[in-house]
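Protein chains in written order, with the working numbering: chain W, 1 to 229; chain C, 230 to 449; chain H, 450 to 724. Every residue gets a Cβ at the ideal spot worked out from N, C-alpha and C, and that includes glycine. Remember, predicted model here, so these are calculated numbers, not experimental data.
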């Protein structure tokens, strides 16, 4: 194994900032605070400019400019308002107005106008999410639960019965219209045990995720910065 | 009218989006697609607004010389410089952002990427410390959680099979881990999914029908 | 002072140091612990293998630099897998922190295939804000949502996009995602609504919640975290950063397991003594 320390200025900046942030593990210090505030500033600036070029410019300004010249992504259609699916031309003034109304939040006197923009967002997402959850998480999951308990294999039957018991008892744990006493109490308690197993599994995977992130940074410091090969 | 018009707008758009799921006819699908494009554009404006708010709050802090205002100068300067460089790079790149070899890409690769990754990497240390000092098994349920966590943690990595490689296949940590994930864990998670789906559907309908109005905020 | 009492009062920075050394050690001196491929990962590999050679596949890379160690190895191996089958790949990114990183990773892998050209064999359409609205809108037309690609080219002028209309143009969606928006939303909005078969690579922290989708068939395969990425690399006979990190991952897990056991043994002992 040999060392090939990087000569790239950017890599040294990245390594320095990495070590500044790791210094927090010893104690809070000016280097960490500097890196933390630099990160917030760069993140916020990058978010603004990325959303401007990739959405506001690409999906709003450029199509409006084309529409002002009477054309769009479908050149066979002529006219500023001659829209079709995917080519909305001057109709894009509507989202432009709603987007501008969002900024009225910064002025308290007329801040109520931003509710109109919020109404568009909330309406679209409420509609999309309601049907998405209904189809993807409710119908499909219930359908997948309706499986035969026997297919000739004992192992399959044991697993399917465990699954069915776990599913039903966990659902009953969340049924609060009746007090959890008697049969419902036993079922609810069983469901709690299954839920604890799932939380334990989630904890185990969370540990894996966090340690992976640390491995990634160490790999950068060792392989990219110090060039340890 | 300041509350009624937004509520009517939410109701109309929400019901239309639900209808578009069931009706593929272009009388419904084209306006629905237009509304989705509107939402995309307004959300992007929302991100820009969020960034602008960060600037406003921190400039306010600096002007009042609050504690740590020096660091807030770092924040504001880095935000403004990133935006300025981004505008110049975007104009030169004819809308391509961040282009290869640009200063914006340099900021992204060397500043944003490294700091973002390291912030989250700190959690690995805290999770170990918390496991030692705070993870206490005082009940049967906590014990089950701990046992499941240990089986999954050790079974998911090669060391689990190394530790239990001498046992028969069904008793090795890797096999146990896979069984736990496929059966008890999946069943409980499915129950949570179904329950959450019912909750989201109910909340979605409450928002669309104007019963849930917290997103409007304010008094007027 | 009893050893247990001393251990409980130990400055947490010693635990930090132990974690740091146990993770750093195997990265410098590998242990080469054996890996094997688990069924969810094998299902992912099989689903991609079943895609007809030469078809156009949609790949959505929804992550940012915070998830590099888990997501980038999956992206590399999946992209390599698709290119080796002569598949054309259309890439989208739904996280604002992701497009630059994803483009760097894809460009790096594409250099291993000198006959593959950007714009003809693969394209990075870049980022779009809007989460689920983007996913549903793509169902009406890919180019409508992404009129320009990440590099500023007109999307409908690129050869790879000539036969791409909407989701019906793809036999498979490969989703590599770190959270919201990501796999759950793709399952709900795209797999459920447009019936596009999909496979997913996800961070370990979110992997457990996707097992029901795997069991129901909504996901054809699942890679969970760095371990999933390492197994995928193993199945493809590669030795990438995920495989190299598994030894360190193992020792890190052993430390956390020991911390849980030791902490509880000491606490139990203290409770008994106080009675």
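{"Item": "By alpha-carbon positions, which one of H:470, H:459, H:489 ends up nearest to residue 666 of chain H?", "Value": "H:489"}
{"Item": "Within this structure, are the beta carbons of residue 631 of chain H and residue 651 of chain H separated by less than 9 Å?", "Value": "yes"}
{"Item": "Only counting the same chain, and skipping five residues up and downstream in sequence, which positions put a Cβ closer than 7 Å to that of residue 562 of chain H?", "Value": "532"}
{"Item": "Quick one: complete beta strand (DSSP E) runs, 3+ long, within the stretch 486-573 of chain H?", "Value": "505-511, 537-542"}
{"Item": "Give the straight-line distance between the Cα atoms of residue 198 of chain W and residue 560 of chain H, rounded to the nearest whole angstrom.", "Value": "42 Å"}
{"Item": "DSSP three-state label for residue 456 of chain H, please.", "Value": "helix"}
{"Item": "Thinking residue 101 of chain W and residue 117 of chain W are a contact (beta carbons under 8 Å), I'd like their distance in whole angstroms, please.", "Value": "5 Å"}
{"Item": "Could you confirm whether any beta carbon from chain W is found closer than 9 Å to the beta carbon of residue 508 of chain H?", "Value": "no"}
{"Item": "Could you check where the alpha helix (DSSP H) with residue 647 of chain H kicks off and where it finishes?", "Value": "Premise fails: residue 647 of chain H lies in the beta strand (DSSP E), 647-651, not in any alpha helix (DSSP H)."}
{"Item": "I want to see whether chain W comes within less than 9 Å of residue 293 of chain C, judged by CB atoms only; does it?", "Value": "no"}
{"Item": "Report, in whole angstroms, the separation of the C-beta atoms of residue 149 of chain W and residue 96 of chain W, which I expect to be a contact under 8 Å.", "Value": "Incorrect: roughly 58 Å between the Cβ atoms, too far for contact."}
{"Item": "Residue 612 of chain H and residue 618 of chain H look like a contact to me (Cβ under 8 Å); what is the Cβ gap, rounded to whole Å?", "Value": "6 Å"}
{"Item": "Could you tell me the alpha carbon to alpha carbon distance between residue 347 of chain C and residue 151 of chain W, rounded to whole angstroms?", "Value": "50 Å"}
{"Item": "Spell out whether any CB of chain C is found under 9 Å from the CB atom of residue 441 of chain H.", "Value": "Because chain H in this structure spans residues 450 to 724, residue 441 of chain H falls outside the shown range and cannot be described."}
{"Item": "Which residues share a DSSP beta bridge with residue 626 of chain H?", "Value": "H:511, H:651"}
{"Item": "Am I right that residue 33 of chain W and residue 581 of chain H are in contact with their C-beta atoms under 8 Å? What's the rounded C-beta distance?", "Value": "Rounded, the Cβ-Cβ distance is 37 Å, inconsistent with contact."}
{"Item": "How would you list, in chain order, the residues of chain W whose beta-carbon sits under 8 Å from the beta-carbon of residue 532 of chain H?", "Value": "Simply none; closest approach about 24 Å."}
{"Item": "Measuring only between beta-carbons, confirm whether residue 373 of chain C sits less than 9 Å from chain W.", "Value": "yes"}
{"Item": "Are the C-beta of residue 657 of chain H and some C-beta of chain C separated by less than 9 Å?", "Value": "yes"}
{"Item": "Within the continuous beta strand (DSSP E) that includes residue 213 of chain W, where are the two ends?", "Value": "Per DSSP, residue 213 of chain W belongs to no beta strand (DSSP E); it is in the alpha helix (DSSP H), 182-219."}
{"Item": "Which chain H residues are close to residue 324 of chain C, counting only those with a beta carbon under 8 Å from its beta carbon?", "Value": "597, 601"}
{"Item": "Can you give me the start and stop residues for the beta strand (DSSP E) that residue 482 of chain H sits inside?", "Value": "Premise fails: residue 482 of chain H is in no beta strand (DSSP E) and is neither H nor E."}
{"Item": "Does any residue of chain W have a CB that is nearer than 9 Å to the CB of residue 688 of chain H?", "Value": "no"}
{"Item": "Using the C-alpha atoms, what's the distance from residue 352 of chain C back to residue 433 of chain C?", "Value": "34 Å"}
{"Item": "Identify each residue in the stretch 95-129 of chain W for which the Cβ-Cβ distance to at least one residue of chain H is less than 8 Å, and report them in chain order.", "Value": "124, 125, 128, 129"}
{"Item": "Check residue 179 of chain W in the structure and name its three-state DSSP category.", "Value": "coil"}
{"Item": "For the alpha helix (DSSP H) that contains residue 673 of chain H, what are its first and last residues?", "Value": "Where residue 673 of chain H is concerned, there is no enclosing alpha helix (DSSP H), although the beta strand (DSSP E) it sits in stretches over 671-673."}
{"Item": "Listing by chain order, which chain W residues have their CB less than 8 Å from the CB of residue 253 of chain C?", "Value": "Per Cβ cutoff of 8 Å: no residues; residue 253 of chain C is ~12 Å from chain W at best."}
{"Item": "Give a yes or no on whether the minimum CB-CB distance between residue 281 of chain C and chain H is below 9 Å.", "Value": "no"}
{"Item": "Report the rounded CA-to-CA distance for residue 245 of chain C versus residue 123 of chain W, giving the unit in angstroms.", "Value": "9 Å"}
{"Item": "Please compile the residues from chain W whose C-beta is within a distance smaller than 8 Å of the C-beta of residue 477 of chain H.", "Value": "1, 222, 228"}
{"Item": "Going by alpha carbons, who is nearest to residue 373 of chain C out of W:127, W:112, W:203?", "Value": "W:203"}
{"Item": "Give the straight-line distance between the Cα atoms of residue 291 of chain C and residue 305 of chain C, rounded to the nearest whole angstrom.", "Value": "9 Å"}
{"Item": "Could you compute how far the alpha carbon of residue 707 of chain H sits from the alpha carbon of residue 483 of chain H?", "Value": "22 Å"}
{"Item": "With H, G and I counted as helix, E and B as strand and the rest as coil, what does DSSP make of residue 265 of chain C?", "Value": "helix"}
{"Item": "Can a CB atom of chain C be found closer than 9 Å to the CB of residue 90 of chain W?", "Value": "no"}
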